Each structure stands twice: as structure tokens, then as C-alpha cells.
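Per my numbering, residue 1 is the first one in the sequence shown, and the count goes up by one each step. All C-beta atoms in this analysis are idealised placements derived from N, C-alpha and C, irrespective of residue type, glycine included. Quick caveat, the model's predicted, so the values are computed rather than measured.
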Amino acid sequence: MTNSSCASGPCGCSQPQAATLPVAHVNGVALHAPGEALAPELLRQRACTELLRQQAQREGLLAAGDAPGLDGATSEAATAAIEALLEQALKVPEPSEDACRRYHAAHPAFGGQGARAHLRHVLFAVTPGIDVGLLRQRAEALLMELRCADEGGPAFGEAARQWSNCPSGAAGGDLGWLTPEDCATEFGREIFDSQEVGVLSRLVHSRFGLHIVQVCGRDAARPTAFDDVRASIALVLRQQSWVNALRQYLQLLAADAEIEGVQLEAATSPLVQ
């Protein structure tokens, strides 16, 4: 199995010289040690957390002497203060009955039992120091190759054995039959919110990296009655509203902050520890 974090491997990725890397800051507070290379998502996560930690200090919820570690860790007091800050700053309304019914109409199998899919994948892991742009180019090129290959042929398994950074690569990328509960949330959403079969036309993003996914087969979930899943749908909609509110709050904090060495606008969701 190929290690995609090599300095100049066949995946085309490259690792910058650590000594030349600038230190990222939020209002003068360093987000990592000098010379340390962090993946962009991890760096954005630290920046978002630091914005909230500093705001908690300004609101009097955290002692002025509290300081983060260069490893990104926050104190127990800072974690509690951030939770208190978000509780008072984010006002999330309860989902309406109409909103819940619309969601159920669009997702009739929500909460149903029995949904599962037989999956194979090739994982391009995002690791500290890796050039994500070049990694994505290699993954997209391989995706195109596999979509043009015979769906029932050996090409996908061979690609997984050569390129995948997942132990399943040794088995041709075969993950077996999985349910949504077996998957990371963001990965499961990409797989189970559609009925596609075959090599998916897009890369699937997860906390582990970039995936080329082949859906070999599906068993559909049984539809559920609205009254049986009303409470669960409300939780989903409330969480979506909370995430949107947090994103807007972070944008306001970032607009008033001096941020160096990290691009917060590149984040598709608020990444908070």
C-alpha cells in the first residue's frame, strides 16, 4: 500500500521544508509550533477554536491568563467557557411542524431499518504536511480512470491495492455491507442520501481524507411514518440550524480579528474542537 505522504511519491504530493513554514496566528496568538506543518483543515479548526477562546475571555467567561498550547489543546476551563459562550450567543429556534414534514417528504426512508450498501473505496489520506491540492489532482485523475473502466472488472481492486491508505486496500478496497451507523457521518451522508450504484462521479470527503467509492449493491430502507421519526427529524434540523448559526458567528469574529497564515473562508463548515 502506497504511502501518500511521501516527499515526492507517485501520488505527486510534496512536503514543504518545515523550517520555511510561517507560523499562523489569531490576534497574535500562535496556532502551532515554529516549523510545524499542519493540514489546512486542522489549521482552520485551531483558528476557529482560538477565535472562540479569545471571545470567551472578552465576555468574562474565561480568565485572561488562560492560554492555548502550541499542540492545539485547550484547558478544561477554556472548553467549558466556549460551551457557555456558544450557549448564550447562538439562538436556535425550534423546527416548525411544516419544516419537519418537508424534511420527511424529501427523506422518506429517514430512520428506516435495513438500509445498507456494499462498498469498495480507495482512500487518499490527508496527513500533516501533505499538498492537498496535488493529492486531490491525483485522486480525481484516478477517479476518471476508474469511471471509464469496466464496472465489473478488476481495475478498482487493483487501484485500491496500489493507492489506498486504508487497510481495506489489501482486499481490493472492499468494505463489505455497511449501514449509515457504520460510517463516519459525513461519509454516510454522501452514500445514503442518494441511490447511486457503481463508481460515484465525485470524490467523497470525510475526516479521513478523499475517497473514491464504488457502490456494488444496495438494500433500501423501509419507509417510516412521520409520527415515528418526528423527534429525530427535529434534532437533525436543529443541529443544521446550530451549525449555520455557528458559521455566521465565526464569520463575525473573524471579521474583527487579525488572522495570519490560515484561510478561514476555505472551510465548508465550522471546524471547532
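From the options, residue whose alpha carbon lies closest to that of residue i
i: F110; options: G209, S194, A56 and L246; result: S194
i: F312; options: G133, V92 and D71; result: As shown, the chain starts at 1 and ends at 273. That puts residue 312 outside it, with no answer to give.
i: A84; options: H104, R58, L70 and P68; result: R58
i: A136; options: G72, G209 and S201; result: Reading the sequence as shown, one finds Arg at residue 136 and not Ala. Per the Cα distances, G209.
i: A105; options: Y249, A225 and L246; result: A225
i: G116; options: A170, R46, E181 and T49; result: Reading off the sequence shown, one finds Arg at residue 116, where the question assumed Gly. That would be E181, whose Cα lies nearest to the Cα of R116.
i: A171; options: T79, A155 and H25; result: A155
i: E158; options: C148, G173 and R147; result: G173
i: A67; options: R222, R218, H32 and L246; result: H32
i: D98; options: L237, E87 and F192; result: L237
i: T179; options: L119, D71 and T79; result: L119
i: I233; options: L61, L70, A24 and R101; result: R101
i: S96; options: A231, D71, R202 and A77; result: A231
i: Y249; options: Q162, T185 and Q88; result: Q88
i: Q239; options: A47, D131, E94 and P223; result: E94
i: Q162; options: C148, R218 and A139; result: A139
i: Q214; options: A30, C148, V262 and P223; result: C148
Extent of the continuous alpha helix (DSSP H) run through residue i
i: G188; result: T185 to F192
i: G157; result: A155 to W163
i: S232; result: F226 to A255
i: R222; result: It is not in any alpha helix (DSSP H) - R222 carries neither H nor E in the DSSP assignment.
i: I82; result: E76 to A89
i: G104; result: According to the sequence as given, residue 104 is His; it is not Gly. Looking at the DSSP string, the run of the alpha helix (DSSP H) that includes H104 is E97 to A106.
i: Q263; result: Where Q263 is concerned, there is no enclosing alpha helix (DSSP H), given that its DSSP letter is neither H nor E.
i: H92; result: Going by the sequence as given, residue 92 is Val instead of His. Run containing V92: none; DSSP gives neither H nor E here.
i: Q54; result: P40 to R58
Anticipated Cβ contact below 8 Å, residue i with residue j, distance rounded
i: V122; j: L142; result: 7 Å
i: I191; j: L203; result: Not a contact, Cβ separation roughly 13 Å.
i: L90; j: A245; result: 4 Å
i: A73; j: A63; result: That belief does not hold up - the Cβ atoms of A73 and A63 are roughly 17 Å apart, past 8 Å.
i: R44; j: L264; result: 6 Å
i: V262; j: A30; result: That pair is no contact at about 11 Å.
Span separating the alpha-carbon of residue i from that of residue j
i: L175; j: M144; result: 21 Å
i: S75; j: L42; result: 18 Å
i: Q55; j: I259; result: 14 Å
i: N165; j: C183; result: 17 Å
i: L235; j: G35; result: 42 Å
i: S206; j: F187; result: 6 Å
i: T49; j: L253; result: 11 Å
i: I82; j: L52; result: 6 Å
i: G198; j: A221; result: 19 Å
i: A80; j: W242; result: 18 Å
i: V92; j: H107; result: 23 Å
i: A257; j: D228; result: 46 Å
i: L61; j: G129; result: 35 Å
i: P16; j: G69; result: Confidence is the limiting factor: at P16 the pLDDT is only 44, short of 50, which leaves the residue's position unreliable, though a coordinate-based value still follows. If I take the Cα positions, the gap works out to 24 Å.
i: A24; j: P40; result: 11 Å
i: Q273; j: T185; result: For Q273, the predicted structure reports a pLDDT of 39, less than 50, and the residue's modelled location is therefore unreliable. A value from the coordinates is still provided. Rounded to whole angstroms, Q273 to T185 spans 16 Å at the Cα level.
i: D71; j: A37; result: 12 Å
i: Y103; j: R247; result: 22 Å
i: G65; j: E196; result: 53 Å
i: P167; j: A160; result: 10 Å
i: S8; j: L146; result: In this prediction, S8 has a pLDDT of 38, which is less than 50 and means its spatial position is unreliable; what the coordinates show is noted afterwards. Cα to Cα, the separation comes out at about 24 Å.
i: G28; j: R218; result: 51 Å
Endpoints, beta strand (DSSP E) assigned at residue i
i: D174; result: D174 to L178
i: L31; result: Careful: L31 lies outside any beta strand (DSSP E) and carries neither H nor E.
i: Q214; result: G209 to D219
i: L123; result: R116 to A125
i: H205; result: V204 to S206
Residue i CB to nearest heavy atom of the ligand MN below 7 Å
i: E76; result: Here there are no bound small molecules, and the ligand MN is not part of this structure.
Closer than 8 Å to chain C by CB, residue i
i: R116; result: Checking the listed chains, one finds no chain C in this structure; it contains a single protein chain.
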